[in-house]
Amino acid sequence: MINRGQVFWPAKIKHPPDSSTAHRAVVLTSNNMLSQGAGWVLIAIIRSANHQDGRPVSPIPMHSILLTQQECGPWLVADSYLETHQLFHYPVSLLQNDNPLGRIPTGKLNEALVGAKLLFD
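Note that this note's numbering has the sequence shown beginning at 545, numbered continuously upward.
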């Protein structure tokens with residue numbers, strides 16, 4: 545069962561779709577919560593807090609949630625942002641054979657859900 549807050553590295557699909565880089569993804573909804581029978585979950589991506597040249601990424605207020613290595617553990621290799629300004633539906637079938645990398649801390653998950661809700665208000 546795929547659960548809210550789990551982190552995966554879904555290499556089969558890159559998000560945003562035109563991205564040349566695969567990102568880690570955080571599950572925001574549990575399996576089949578959105579569309580029963582279709583088997584989709586809602587995900588938000590995690591991206592590095594720095595560009596490849598080392599410059600810091602500009603966070604988007606209320607939507608870029610800082611995740612640090614210290615609070616997340618070994619699955620997060622560099623400080624990163626959990627981005628809730630773009631959300632994606634992802635097929636559960638592509639995650640079922642992958643082991644989750646870990647989980648984001650509960651407080652950060654709650655921040656992500658608030659940020660995601662802002663898209664619908």
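Yeah, the Cβ is synthetic: ideal placement off N, Cα and C, and Gly gets one too.
Cβ-Cβ distances below 8 Å link Thr573 to Arg548, Val585, Leu586 in the same chain, with the five nearest sequence neighbours on each side left out; the list follows chain order. Secondary structure at Leu611: strand, using DSSP grouped into helix, strand and coil.
In the DSSP assignment, Ala593 falls outside any alpha helix (DSSP H) and carries neither an H nor an E. Comparing C-alpha distances from Ser563 to each of Ile589, Thr628, Glu615 shows the shortest one belongs to Ile589. The residue from Ser637, Leu638, Cys616, Met545 with its alpha-carbon nearest to that of Leu653 is Cys616.
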